[in-house]
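The structure appears below as structure tokens.
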Amino acid sequence: MAEEKLDAVVVGGGLAGLAAAYRLAEAGKQVLLLERGDAPGSKNVTGGRIYVEPIKAFLPSIVDEAPFERHVVKEMITVVDEESSVQLEYARDAWRKAPYMSYTVLRASLDKWFSEKVAEKGGFVIPNRKVDDLLWEDGRVAGVKAGGEEIGAHIVIAADGALSFLAEKAGLRTPLKPANYALAMKEIHKLDEERIEERFGVEKGEGAANLFVGALTKGMFGGGFLYTNRDTLSLGIVVGIDALMQKRPQIEAYRLMDEFKARPEVARWIQGGEMKEYAAHIISEAGIGGISKLYTDGMLVAGDAAGFALNMGITVRGMEFAVASGVIAAEVATDALNKGDISKRYLAEYEKRLASSFVLRDLETFRHSKEVLENPRLFNVYPKFLSSLLNVLFTVSDTPRKNLYRSAMTLAKQYILNWEGMKDFWSLRKL
Amino acid sequence: MKIEEKIACNAIKNDKESHIKLTQNVCKACKERFCIYACPGHLYSLSEETGEMVVEYAGCLECGTCRIACVYGSVAWEYPGGEYGVQYRYG
Numbered sequence: 001m002a003e004e005k006l007d008a009v010v011v012g013g014g015l016a017g018l019a020a021a022y023r024l025a026e027a028g029k030q031v032l033l034l035e036r037g038d039a040p041g042s043k044n045v046t047g048g049r050i051y052v053e054p055i056k057a058f059l060p061s062i063v064d065e066a067p068f069e070r071h072v073v074k075e076m077i078t079v080v081d082e083e084s085s086v087q088l089e090y091a092r093d094a095w096r097k098a099p100y101m102s103y104t105v106l107r108a109s110l111d112k113w114f115s116e117k118v119a120e121k122g123g124f125v126i127p128n129r130k131v132d133d134l135l136w137e138d139g140r141v142a143g144v145k146a147g148g149e150e151i152g153a154h155i156v157i158a159a160d161g162a163l164s165f166l167a168e169k170a171g172l173r174t175p176l177k178p179a180n181y182a183l184a185m186k187e188i189h190k191l192d193e194e195r196i197e198e199r200f201g202v203e204k205g206e207g208a209a210n211l212f213v214g215a216l217t218k219g220m221f222g223g224g225f226l227y228t229n230r231d232t233l234s235l236g237i238v239v240g241i242d243a244l245m246q247k248r249p250q251i252e253a254y255r256l257m258d259e260f261k262a263r264p265e266v267a268r269w270i271q272g273g274e275m276k277e278y279a280a281h282i283i284s285e286a287g288i289g290g291i292s293k294l295y296t297d298g299m300l301v302a303g304d305a306a307g308f309a310l311n312m313g314i315t316v317r318g319m320e321f322a323v324a325s326g327v328i329a330a331e332v333a334t335d336a337l338n339k340g341d342i343s344k345r346y347l348a349e350y351e352k353r354l355a356s357s358f359v360l361r362d363l364e365t366f367r368h369s370k371e372v373l374e375n376p377r378l379f380n381v382y383p384k385f386l387s388s389l390l391n392v393l394f395t396v397s398d399t400p401r402k403n404l405y406r407s408a409m410t411l412a413k414q415y416i417l418n419w420e421g422m423k424d425f426w427s428l429r430k431l
Numbered sequence: 001m002k003i004e005e006k007i008a009c010n011a012i013k014n015d016k017e018s019h020i021k022l023t024q025n026v027c028k029a030c031k032e033r034f035c036i037y038a039c040p041g042h043l044y045s046l047s048e049e050t051g052e053m054v055v056e057y058a059g060c061l062e063c064g065t066c067r068i069a070c071v072y073g074s075v076a077w078e079y080p081g082g083e084y085g086v087q088y089r090y091g
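These protein sequences, in sequence, are chains A and B.
According to our numbering, the first sequence holds residues 1 to 431 in order.
According to our numbering, the second sequence holds residues 1 to 91 in order.
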């Protein structure tokens, strides 16, 4: 079998796997990508939006031509408590001019398109093929087993997503812990293009992104999101799995999504739309503390499979890391194949190149962001303070008003001007 | 909209065999029932007849949450075989 080996097998048709296969095919390597869904993208879920600036240099033609949904010109943050909400809207003229910074995306269409580009470069993409196990030879990875077939390869690139069974089978990661993951639920609502533009106050082709934080997660780590696609809206909620498990009285995750959707400040956006899909997936929230070992003899791990995801609070990133790590994995694999050395000693080069790229650098910079973002006060105390403050400012009743400054101070003392608040303020240095 | 109706919006190709297997002894000893609360499809429930934990694997969104949340190790969860399971049309 050794003489029939392919240069590389890529497992998983998400952005990491597709980027890796594309670059390997471009380098003239024989590459096979195995995807368990009907087509690449059909098992993939994103929030989501992609920031293109970090990845342009990695795959310029792909980024330029990709079928993204809308470029984001407007950022909204909605802070909610049990019975009120505060909405902040931030728009910038510069965001409305090309080159655009970020786009909303739907993965079924994006990944399928990308896989066609891989095929154009000469890579083979096989759908409906689940990889069951790794193939071993003399203690090193030598291919994969899929549907009773053994497929030999000099290098395996595991890009099989956040649940990465392959990284676990290769002994590169330990079983996944609740504290390191969040559950994301997402609904797709169909709405006419013109109605989306009118409703969100954007021009043709332009989009908006709305983050929600506060009572929607009932004090648990997490938040909500809403993105405008071309003719659909992506509405979802994210909640820490550990937080959900610790919550008493217990609450079913799906109810969080339903209650969130029913809130008037959320319902107004999807009103009149038709629900088309309900998706869910886990997201790594551990940042650099959650990444697996990245390589072993004959194998590299890329994208979510390696744990490359980062929650920076206001921005949440994963797809850029997937694309960049996929390309870097392919480049290291190409060099290794050319040299005829696929030992882990040589493949250590992968980690070195990631370390000098934005992938590990950004993850390192935000090493402590999870500690800050996990603070339950972010989800209850601060939203309540903001709401109470605005309530005092806006309310006129039959009793004579107190001086505004004094009212504000009373509330500030109640909620934020205390030892806990000081500690929270200092913890912000970690972001 | 009920959760079952939401799942019915999805394109799903059902395998005859479940890709989620439970170890009933472990489930019997479990008090928290994390799976019931964690599953975004509300697919886990206690059977009224047998009192055993059951999972309606056919509606699975393949998120993997139950695999992580069942810290007692009852949930043996694999991806459904190629061709089967949810096929996201938007994602």
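Note that beta-carbon positions come from the ideal geometry of N, C-alpha and C, so glycine has one too.
If you're wondering where the values come from, they're calculated on a predicted model, not measured in any experiment.
Asked, Found
"Please confirm if residue 4 of chain B has its CB atom under 7 Å from at least one CB of chain A.", "no"
"With a cut-off of 7 Å, does the C-beta of residue 283 of chain A fall near any C-beta of chain D?", "Reference to chain D is not applicable here, since the protein chains of this structure are A and B."
"Ignoring anything shorter than 4 residues, give me the alpha helix (DSSP H) runs that lie fully in the region 235 to 284 of chain A, in order along the chain.", "241 to 246, 253 to 262 and 264 to 270"
"Given a threshold of 16 other Cβ atoms within 10 Å of its Cβ, counted over all protein chains shown, does residue 472 of chain A qualify as buried or as exposed?", "Missing from the structure shown is residue 472 of chain A; chain A here goes from 1 to 431 and no further."
"In this structure, how does DSSP classify residue 97 of chain A when only helix, strand and coil are distinguished?", "coil"
"Using beta carbons (cut-off 7 Å, strictly below), is residue 9 of chain A in contact with chain B?", "no"
"May I have a chain-ordered list of the beta strand (DSSP E) segments no shorter than 3 residues that lie completely inside the region 63 to 121 of chain A?", "71 to 81, 84 to 91 and 102 to 104"
"Have a look at the DSSP bridge pairing and note the partners of residue 140 of chain A.", "A:137"
"Between the alpha carbons of residue 247 of chain A and residue 220 of chain A, how many angstroms are there, rounded?", "8 Å"
"Return the Cβ separation of residue 309 of chain A and residue 283 of chain A in integer angstroms, given the expectation that the two are a contact with Cβ distance under 8 Å.", "6 Å"
"Alpha carbon to alpha carbon, what distance is there between residue 378 of chain A and residue 42 of chain A?", "35 Å"
"Are the Cβ atoms of residue 280 of chain A and residue 22 of chain B separated by less than 7 Å?", "no"
"Look at the alpha carbon of residue 4 of chain A and the alpha carbon of residue 152 of chain A, and state the distance between them as a whole number of angstroms.", "7 Å"
"Apart from the five residues on each side of it in sequence, which residues of its chain come closer than 7 Å, Cβ to Cβ, to residue 350 of chain A?", "294, 295, 300, 328, 329 and 332"
"If I measure Cβ to Cβ from residue 24 of chain A and keep anything under 6 Å in the same chain, skipping five residues before and after, which residues do I get?", "8, 31 and 330"
"From residue 11 of chain B to residue 292 of chain A, what does the alpha carbon distance come to, in whole angstroms?", "32 Å"
"On the DSSP letters alone, give me the boundaries of the alpha helix (DSSP H) that residue 28 of chain B sits inside.", "24 to 29"
"Residue 80 of chain A to residue 1 of chain B, Cα distance in whole Å?", "23 Å"
"With 16 as the cutoff for other CB atoms within 10 Å, does residue 17 of chain B come out buried or exposed?", "exposed"
"Is it buried or exposed, residue 53 of chain A, if we count other Cβ atoms within 10 angstroms and call 16 or more buried?", "exposed"
"Tell me where the alpha helix (DSSP H) around residue 303 of chain A begins and ends.", "No alpha helix (DSSP H) holds residue 303 of chain A; DSSP gives it neither H nor E."
"Which residues of chain B have a Cβ atom closer than 7 Å to the Cβ of residue 279 of chain A, listed in chain order?", "61, 88 and 91"
"Residue 233 of chain A and residue 115 of chain A - do their beta-carbons sit closer together than 7 Å?", "no"
"For the ligand NAP, any of its heavy atoms closer than 6 Å to the Cβ of residue 322 of chain A?", "With respect to the ligand NAP, the structure offers nothing, as it holds no ligand at all."
"If you compare alpha carbons, which of A:148, A:181, A:192 and A:98 is closest to residue 290 of chain A?", "A:181"
"Do you know offhand how far residue 139 of chain A's Cα is from residue 326 of chain A's?", "25 Å"
"Let's test the definition: count the other Cβ atoms within 10 Å of the Cβ of residue 102 of chain A and tell me whether it reaches 16, buried, or not, exposed.", "buried"
"Got a sec: is the Cβ-Cβ distance from residue 77 of chain A to anything in chain B below 7 Å?", "no"
"CB-CB under 8 Å to residue 1 of chain A, same chain, minus the five flanking residues each way: which ones, in chain order?", "Because the pLDDT at residue 1 of chain A is just 44, under 50, the model does not fix this residue reliably, and the value given afterwards should be weighed accordingly. For residue 1 of chain A, where only same-chain residues beyond five positions count, the Cβ hits under 8 Å are 150 and 152."
"Helix, strand or coil: which one does DSSP assign to residue 185 of chain A?", "strand"
"Can you tell which of A:87, A:169 and A:63 has the C-alpha that lies nearest to the C-alpha of residue 473 of chain A?", "Nothing can be reported for residue 473 of chain A, as the shown portion of chain A is limited to 1 through 431."
"Contact check, residue 69 of chain B vs residue 241 of chain A under 8 Å by CB: the rounded distance?", "6 Å"
"Assuming residue 160 of chain A contacts residue 12 of chain A under a Cβ cut-off of 8 Å, what Cβ separation, rounded to an integer in Å, is found between them?", "4 Å"
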